[in-house]
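Asks: The first sequence begins at 296 in the numbering used here and counts up by one.
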Amino acid sequence: MKWTKTLIQTLREDPGDAEIDSHKLLVRAGLVRKVAGGLYAYLPLGMRVLRKIQQIVREEMDAAGAQEVVTPILQPADLWRTTGRWDAMGPNMFKLRDRGEHEFALGPTAEEVFTDLAKGIVNSYRQLPLTIYQMQWKFRDETRPRFGLMRSKEFLMKDAYSFDVDADGADKSYWTMYHTYERIFSRCGLKAVPVQADGGDMGDSLTHEFHVLAEAGEDGIAFCEGCGYAANLEKAEKAESSDGAACPASAPYQEVSTPGAKTIEQVAAFMGLPAEAFVKSLVYVADGKPVMVCVPGDRDVNDVKLKRFLGAKSVALADFETVLAATGANAGFVGPVKPADASLRIVADVSLKGATGRIVGANKDDYHLRDVDLARDTSLSDSCFADLTIVKDGDLCPHCGKPMAIKRGIEVGQVFKLGTKYSGAFKAVYKNDKLEERVMIMGCYGVGVSRTLQAIIEQSHDKDGIVWPSSVAPYQVVIELLDPDRSEVAKVANDIEASLEAFGVDAIVDDRAERPGVKFKDADLIGFPVRVVVGAKGLSNGGVEIKRRSEDKSKTRIVAPEAVVETIKSLL
RNA sequence: CGGAGCGUAGCGCAGUCUGGUAGCGCGUUUGGUUCGGGACCAAAAGGCCGAGGGUUCAAAUCCCUCCGCUCCGACCA
């Protein structure tokens, strides 16, 4: 391909609305252009990368025995009502009506469509197991689209759904996809790590997210160096620590005036004590009933863990009236010692078990209590303690006890055991060999294809631009033709291009009449893995120059034109 | 949805406070000199200053309303 015949427009300056490197480079290198907030057009270079990623996904899914289909973006509301998600998805889903007032959604995902599809086709155990997938544009009405393709309103997702006769089969399907995902990301040149995630409404259902570690990532992940435990912050657990014994046993508690000091930060500053010396008490409403949750002053409540421990369907922070009614004080001064509502349920993080000498809200505005011994002064019994906080850097691993580190990641894929949540709702059943009807066991598996594209850039770039892994590069080789008006030089470049194409290596000849500096800068910005420089001066000195994008100039090889293809094959 | 900021040429921005001829850099086009890491000279094209209303002799600039975008927060299968 010739550069002058390709729609490539690089930018010298960063786009004004981009925050992270990969977003800036996507636009500067001419891969995408913004159409509107959270909506992007893919230009020829971006399209080539997207197609290469799709092809890798496709090959690996097919190799795993999954079959490709495609289902409509426009999905009828009835399907979503069957599972109750028409309402549950709320405003995250784009909803619209046709002229006959029939309701539709622009598919944000496709569990309903696929379950209904399988129900209509699968009748017998002989047709199972079955895994079907599609690559289709998905739509989500994100409250705040961000970071280019990372969180956009419209994105390309590969979604797969497995149907099995029993739990063992579902387990097998799950792990097949898990390993398929490892291969997909590795072939894309990505280091993606599987981390345990929370099953959400599906309870303890098994699920892993695949994350690309990056400072710009939106998700927090806890890692244990010791045993390899990795979990996202919703899920990550901590070993029971000894926070409780940190403060010495003490005299009976006493009231302290702390006028206006509502937050832990304010009271800590007021009293000149560290946040750990405090107990943060928050009033939640769980399924309509108030509950007080106590955690160390320097920690935050994990809503998912709280919900799970209480066995509640929903938990949310209480409003101010509820707080006042339950405790007798306004938010900021509440604590576990004698709340106004004596029947108020109180739970506490496990790290507070046996805590003494703590400062808590007095359940009286502008007062706190000091020297509180939780066992002595509150109604908290052993069964009220559980792991209820978001883990912090340095918390101990629940499996091996070594300290964990918190890192940030970009979620590029997820594998999820669905059980019978969807197949049950749709009555998607098959007949077993005894002619009995059984509900199919499902799994779902997603790869954010467009997000993966950006994650690759985020993981693989330097100050000059993108450094594409050759498996997904828009072109594997750029041939810099320095003297395009000299036909004998151009012929060398064109011959090299032709022989590379003959070997299945895609190459682009930069035949622009630009100065060399401009061409080198653009080649580095776009990030072609291998650069071949063909110029009159070089040819008279014995050949062409070949250099990897990832290497510096000192590694440049001088090669005779005939040997170029061999050399490049060894470099890709 | 709450808070903050920004909408001026394809891109990045100044001008707005203090009303009076719409500017700069990059990119684009033409001609010339250059030619190994984003050259230089000369010329040119390109704008309903986000939209609507108001104030004024006069509005990019002041006032009101709306729309869009970005950031922080809440939210996120």
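Note that CB positions come from ideal geometry on N, CA and C, so glycine has one too.
(1) Check whether the segment 820-839 touches the segment 760-770, counting contact only when three or more Cβ pairs, one atom from each stretch, lie closer than 8 Å.
(2) Using the Cα positions of glutamate 560 and alanine 570, report the straight-line distance between them to the nearest angstrom.
(3) Isoleucine 516 and alanine 525 look like a contact to me (Cβ under 8 Å); what is the Cβ gap, rounded to whole Å?
(4) Kindly indicate which three-state DSSP category glycine 719 falls into: helix, strand or coil?
(5) Are arginine 594 and threonine 651 closer than 8 Å when you measure CB to CB?
(6) Please say whether glycine 402 and glutamine 370 have beta carbons closer to each other than 8 Å?
(7) Helix, strand or coil for phenylalanine 480 per DSSP?
(8) When we look at the beta-carbon of glutamate 449 and count the other beta-carbons within 10 Å, is it buried (16 or more) or exposed?
(9) What residues in its chain sit with their C-beta under 6 Å from that of serine 745, if we drop five residues either side in the sequence?
(10) Buried or exposed: which applies to phenylalanine 711, given that a residue is buried once 16 or more other Cβ atoms fall within 10 Å of its Cβ?
(11) With 16 as the cutoff for other CB atoms within 10 Å, does glutamine 491 come out buried or exposed?
(12) With DSSP as the reference, label phenylalanine 628 as helix, strand or coil.
(13) Pick helix, strand or coil for cysteine 739, following the three-state DSSP scheme.
(14) What's the gap between the Cα of glutamine 429 and the Cα of glutamine 349?
(15) Alpha carbon to alpha carbon, what distance is there between valine 773 and valine 828?
(16) Going residue by residue through the segment 653-677, where are the continuous alpha helix (DSSP H) segments of at least 4 residues, counting only ones entirely within it?
(17) So, with DSSP's three-state summary, where would you put alanine 455?
(18) Do the segment 784-797 and the segment 720-735 make contact, defined as three or more Cβ pairs closer than 8 Å?
(19) Grab me the residues of valine 860's own chain with a C-beta within less than 7 Å of its C-beta, minus the 5 sequence neighbours each way, in chain order.
(20) Given 8 Å as the limit, is there contact between the segment 309-327 and the segment 802-816, that is, 3 or more CB pairs closer than that?
(21) Enumerate in chain order the residues of its own chain whose CB-to-CB distance from aspartate 666 is below 6 Å, with the five nearest sequence positions on each side excluded.
(22) Spell out the partners DSSP gives cysteine 519 in its beta bridges.
(23) Take lysine 687 as the anchor and find which of Gly623, Asn527, Asp436 and Lys864 has the nearest alpha-carbon.
(24) If we ignore side chains and look at the alpha-carbon of each, how far apart do alanine 465 and glycine 738 end up?
(25) Where are the alpha helix (DSSP H) runs, 4 residues long or more, that stay fully inside the segment 340-426, in chain order?
(26) Quick one: complete beta strand (DSSP E) runs, 3+ long, within the segment 542-603?
(27) Grab me the residues of cysteine 483's own chain with a C-beta within less than 8 Å of its C-beta, minus the 5 sequence neighbours each way, in chain order.
(28) For valine 804, which residues of its own chain have a beta-carbon under 6 Å away from its beta-carbon, when the five flanking residues on both sides are left out?
(29) Go through its chain and collect everything with a Cβ distance to alanine 581's Cβ below 8 Å, but skip five positions before and after it.
(30) In angstroms, rounded to a whole number, what distance separates the CA positions of leucine 675 and glycine 656?
(31) CB cysteine 679 to CB isoleucine 736, shorter than 8 Å?
(32) Which residue wins for smallest C-alpha separation from alanine 359, given the options Gln749, Ala643 and Ile427?
(33) Using the beta-carbon count (16 or more within 10 Å), is glutamate 550 buried or exposed?
(34) Look up glutamate 513 in the DSSP assignment and say whether it is helix, strand or coil.
(35) Is it buried or exposed, lysine 850, if we count other Cβ atoms within 10 angstroms and call 16 or more buried?
Replies: Reading it off the structure:
(1) yes
(2) 7 Å
(3) 6 Å
(4) helix
(5) no
(6) yes
(7) helix
(8) buried
(9) Leu444, Phe450 and Leu451
(10) buried
(11) buried
(12) coil
(13) strand
(14) 11 Å
(15) 8 Å
(16) 669-672
(17) strand
(18) no
(19) Ser794, Leu795 and Phe798
(20) no
(21) Ser545, Ala546, Tyr548 and Gly652
(22) Met699
(23) Asn527
(24) 7 Å
(25) 372-378, 380-383 and 406-416
(26) 549-552, 574-581 and 584-591
(27) Ile348, Ile351, Thr747, Ile751, Pro764, Ser766 and Val767
(28) Lys297, Ile774, Leu776, Ala788 and Glu792
(29) Leu601, Lys602, Leu605, Ala607, Ser609 and Val610
(30) 16 Å
(31) no
(32) Ile427
(33) exposed
(34) coil
(35) exposed
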